[in-house]
Each structure stands twice: as C-alpha cells, then as structure tokens.
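For the sequence shown, the numbering used here begins at 65 and goes up steadily by one.
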Amino acid sequence: MKIIINPGHWNLIKGHPDSGASGTLVDGVRVMERDRTGVIARLVANLLPALGVDVELYPYPDDGFLPELDAIGTHARNEQVALLCAIHCDASPGSGGRSGASAYFDQTKPGSQEVGAALSAAIAASMGIPDLGSIVQYMTGVCGGNPNCTLSIHRLSRAGDGLPGVLSILVECGYVDNANDAATLQRHPQLAAQGIVNGLQQYFNLSPAIIVPDPDYAVYAAATIVNPTFHQMLQNAGSPAYDEVDDCYQVCLDNGVNPAVALAFFALESNYGTDPGAVDFKNWGNLSDPDTGQLLSYDAWALGLRDWCNHFRLPPYSTENLNTISQIVPVYRPSSASGTIDGYNRYIMSLHDLIKGWQAQAVAM
Ligand SMILES: [Zn+2]
65 MKIIINPGHW
75 NLIKGHPDSG
85 ASGTLVDGVR
95 VMERDRTGVI
105 ARLVANLLPA
115 LGVDVELYPY
125 PDDGFLPELD
135 AIGTHARNEQ
145 VALLCAIHCD
155 ASPGSGGRSG
165 ASAYFDQTKP
175 GSQEVGAALS
185 AAIAASMGIP
195 DLGSIVQYMT
205 GVCGGNPNCT
215 LSIHRLSRAG
225 DGLPGVLSIL
235 VECGYVDNAN
245 DAATLQRHPQ
255 LAAQGIVNGL
265 QQYFNLSPAI
275 IVPDPDYAVY
285 AAATIVNPTF
295 HQMLQNAGSP
305 AYDEVDDCYQ
315 VCLDNGVNPA
325 VALAFFALES
335 NYGTDPGAVD
345 FKNWGNLSDP
355 DTGQLLSYDA
365 WALGLRDWCN
375 HFRLPPYSTE
385 NLNTISQIVP
395 VYRPSSASGT
405 IDGYNRYIMS
415 LHDLIKGWQA
425 QAVAM
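Spelled out as structure tokens, the structure:
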C-alpha cells in the first residue's frame, strides 16, 4: 500500500514560492508553517514503513524541487495511491489564535470524511489539543460556495483523463499562532507526526511490519567494507577478536559472506566480543546448539565466525531463500531484539546503519 505525504506549502503557486502561515515566537524562534510541515512530513515518512506502508514525500522538503500546487493531486492520481495526505498547520489571524487539530475532506470521495475524522482525532490526542473534527471546505471566497470548487489537492485527485480518482485529505496539525499549539509544534513535532501515523494505522487497520531498508544488505554478497576499516573497527572497540582480524576477514571472503554484514552482527550481538563472558565462548553471532538450545563454544573467534558464515546455508534460511538482513533477522531472533516486530526493526536498522557507514568510509579512503 502506498501513501503520498504532501508537506504543505513546499510548492509554487503560479510560479511563486508558497510561504504558508507565520506564527508566534517560541524560544525566540518564529514558528513557520512551511518549516513545521517539512519536519512533520519527514518524521511521518520515517515511521510509516514499520506499518508496511510504502511512503513517498511529494515534494521532498529541502531538496530544491517545488512543483506547482496543482501538480500534487495529479501526481497522486498518476501513482494511484491509497491516500494523498497533505500536512498543514492552521492559523487564525486576528482571532487571538484558536487551538486544535482538524482535517479538510473531499465530500465527493467515499472515505475522505472518515479518514479525516480518524486523523483529526489522533493528531489532537497525540498533541494534547482540541479535536475540531473532519470538515468539508468549499472555496467560498474563490467561487461562491460551489461544492465542486475545493482545495486543489482534492479537485485534481478526482477521476479524470482516464484515471480513477484517489482518496485525499488535508490535515491541520494545530495553530501556529496559538501559543500552546505553536510550542508543541516547535518543541515536539514528533507528537503531530505520531498522531498522523496513529490515525492512518486506525483507518487502514495497519499492522506492524518488518522494515525493508534500502539497501537491504545480503549475507552472501561481495564485500562492502575494506580490510583496513574492518581492522579499525575491531581495534577501536578493543575487541578480543582483533588478534585474529586477518583470519576473520578472510573467513568471510572464503565463505562468500560480506564481511560488513558479519561485523555488524558481531557489533550488535556482543559489542565486538567485549560483552562480559563473550570471550569464553568466542561465538561470533551467539549461535545456539539447535538440539540443546545451549550457546555454542569455540576455540577461536575465526572458528565461530566460520560457523556463523555457514549458518544461513541451513534450513529454514536455505529452504525459504532468506539472505538479506530484513529476511534473516526475524528468523535469527537475536535476543537483544526482544522478539517483537519493533525490536526486529530496530535491530535491522542498526545493522543497516553500521554497514552503510563502513561503506561510506571505504569510498572516502
Ligand atoms: Zn497551510
């Protein structure tokens, strides 16, 4: 399922940048709608993959690409997404700053009012502000209350040009000119983001899913870490395996394993062998005896590593073709991942970040 998140005001209107609302001062900084929608949208994009959602930010804040406002609905229709969700913050100039979360729905689309109600309630609950509900909005000032004249993200995501319409909603995450809402938006934007995610989870009945990182590194693959970096990491960590460092790197290559993947597991499983007691077992990835469930013990780190390198050639990895970090972690069930989807996702992303970091170092050398 794919959702497009549109950070409000990261677009052009008739060729000119759209600036959004300007709010009150918080901690000496003026709270700007356009800045907050970019921050909240990026946080939402980080959270949604763990619910199995393929998420696109359109446009991506700060990357310099500003489409015309009208292009957003059209893009969502071209992509045939499950939802186009525009993120905004409200303002009520002259009124002293109302407070609350709301959503503007498209009355021509089944589900739009309901997804708006779910989002408005969840954002309000997460931010601790009033729920102003799901509201239909005609562009009264522009075209005299004609119900077919509405926000462009709604109008341009309706069926047309031979393409079906897509569900759309615009959420308002509090008021930037209300002192309380603005303080929450500036200091804790993650509350607005979490509210949006909670509302989407409820409306679409989403379950936690295993994250597939990009790239999703494979165990049996070419090295993405050079030997000097491998050395450096074990040395920096004060690893007891440093005495066997060249053997360890070579064991990985001999077994067709990317040494970076092996090293990342070693880091997470035993802090490179420095955890209390680890040196007694020299067990690279804390493998257990399949019959007794007891932690296996080795005479040398390289021997434990050789076993680990071949572990993923055994069932169920071999029979189910599990080779990448997102595929093997839920089966491998590392004890530090706590046996939950969230735990596996944290573990997978930690592996990914380590491996990617070492790859960058290799390029820099
Ligand atoms: Zn706005």
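Where a beta carbon is used, it is the ideal one built from N, C-alpha and C, also for glycine.
Keep in mind it's a predicted model, so treat the numbers as computed, not measured.
1. With DSSP as the reference, label histidine 375 as helix, strand or coil.
2. Among the candidates Leu327, Ile217 and Asp307, whose CA atom is the shortest distance from the CA of isoleucine 151?
3. Taking the beta strand (DSSP E) that glutamate 236 falls in, what are its first and last residues?
4. I want to check one thing, is the minimum distance from the CB of glutamate 132 to the heavy atoms of ligand 1 below 8 Å?
5. Would you please state the rounded distance, in angstroms, between the beta carbons of tyrosine 381 and valine 393? I believe it to be under 8 Å.
6. Who pairs with leucine 227 in a beta bridge, going by DSSP?
7. Could you give the residue range of the alpha helix (DSSP H) that holds leucine 112?
8. Whole angstroms are fine: how far does the CA of cysteine 316 sit from the CA of arginine 100?
9. Just list the residues that DSSP pairs glutamate 120 with in beta bridges.
10. Which runs of the alpha helix (DSSP H), 4 residues or longer, sit entirely within the region 349-401?
11. What three-state label does DSSP hand valine 203 in the structure shown?
12. With 16 as the cutoff for other CB atoms within 10 Å, does aspartate 245 come out buried or exposed?
13. Helix or strand or just coil, what does DSSP make of leucine 215?
14. Nearest to proline 354 by alpha carbon, out of Ala342, Ala364 and His375?
15. Tell me whether the beta-carbon of valine 240 lies closer than 9 Å to the beta-carbon of serine 86.
16. When burial is assigned at 16 or more other CB atoms within 10 Å of the CB, is phenylalanine 129 buried or exposed?
17. Got a sec: does ligand 1 put a non-hydrogen atom nearer than 8 Å to the Cβ of threonine 214?
Looking at the atomic coordinates:
1. helix
2. Ile217
3. 232-239
4. no
5. Between valine 393 and tyrosine 381 the Cβ distance is about 11 Å, and since that is not below 8 Å, they are no contact.
6. Gly224
7. From DSSP, leucine 112 is part of no alpha helix (DSSP H); its letter is neither H nor E.
8. 46 Å
9. Ile68
10. 365-375, 381-384 and 389-396
11. In the sequence as displayed, the identity of residue 203 is methionine instead of valine. Here methionine 203 sits in coil by DSSP.
12. buried
13. coil
14. His375
15. yes
16. exposed
17. no
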